[in-house]
Amino acid sequence: MRDFNRKMIGAGSVNTVLSLGMLSLLLLLSVGEAAADKEAENPLSERNRLLEVFDRYPNEAVPFIAEALDQKSVIVRHTAAHLLARIGEPALDALEKALEHPDAEVRCIAIDALAEMGLLDDYWAVILMDAHPLVKRKLQIELLKGYS
1 MRDFNRKMIG
11 AGSVNTVLSL
21 GMLSLLLLLS
31 VGEAAADKEA
41 ENPLSERNRL
51 LEVFDRYPNE
61 AVPFIAEALD
71 QKSVIVRHTA
81 AHLLARIGEP
91 ALDALEKALE
101 HPDAEVRCIA
111 IDALAEMGLL
121 DDYWAVILMD
131 AHPLVKRKLQ
141 IELLKGYS
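In the numbering used here, the protein residues as written are 1 to 148.
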């Protein structure tokens with residue numbers, strides 16, 4: 001390939017060099033996309049991506065971090081909830097929505113985050129209305145932690 005490029009440059013074929021450059025760029029982009037897709041399947045990569053976004057843009061990252069609560073990985077979900085708790089008040093809307101999530105596990109993770117923020121007392125009545133036994137048990141555990 002190097003010899004071919006030298007020959008083309010020596011021949012003065014700028015269009016060929018440009019087209020090879022474009023082809024190389026497209027190839028690199030497709031390889032990069034494949035690598036990104038593979039990373040998305042890896043929960044630790046997704047977790048690290050969340051941490052990086054949080055470190056750089058904590059308040060602006062709330063919607064991105066809140067979306068991670070829908071991931072399959074428990075590691076990613078817990079990391080997202082912990083980061084939302086660390087963000088504080090700007091993340092309250094996202095945590096309130098998480099309390100209404102169809103998945104009981106996400107609701108329990110939201111309870112963890114609210115407890116971490118010290119705001120569980122403000123939400124316990126709403127959480128108590130949840131019919132899922134796992135959510136009720138999580139609320140009991142967190143309330144007992146706060147009063148022990």
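Every residue gets a Cβ at the ideal spot worked out from N, C-alpha and C, and that includes glycine.
How big is the Cα-Cα spacing for residue i and residue j?
i: valine 53; j: leucine 134; result: 31 Å
i: phenylalanine 64; j: tyrosine 57; result: 11 Å
i: aspartate 93; j: leucine 120; result: 14 Å
i: leucine 143; j: aspartate 70; result: 25 Å
i: alanine 81; j: alanine 66; result: 8 Å
i: serine 45; j: valine 76; result: 9 Å
i: glycine 88; j: arginine 47; result: 19 Å
i: proline 102; j: methionine 117; result: 23 Å
i: arginine 137; j: asparagine 59; result: 31 Å
i: serine 112; j: histidine 132; result: First, the amino acid is wrong: residue 112 is aspartate here, not serine. So the alpha carbons of these two residues sit roughly 16 Å apart.
Tell me the residue span of the alpha helix (DSSP H) that contains residue i.
i: alanine 104; result: 104-117
i: leucine 128; result: 120-128
i: glutamate 96; result: 92-98
Classify residue i as helix, strand or coil using the three-state DSSP reduction.
i: lysine 72; result: coil
i: glutamate 60; result: coil
i: glycine 146; result: helix
i: alanine 81; result: helix
Would you say residue i and residue j are within 7 Å of each other, going by their C-beta atoms?
i: leucine 95; j: alanine 110; result: yes
i: alanine 91; j: leucine 84; result: yes
i: leucine 50; j: threonine 79; result: yes
Determine the closest residue to residue i out of the options, with distance taken between C-alpha atoms.
i: lysine 72; options: Glu60, Gly146, Asn42; result: Asn42
i: valine 74; options: Gln140, Tyr123, Ile141, Glu105; result: Glu105
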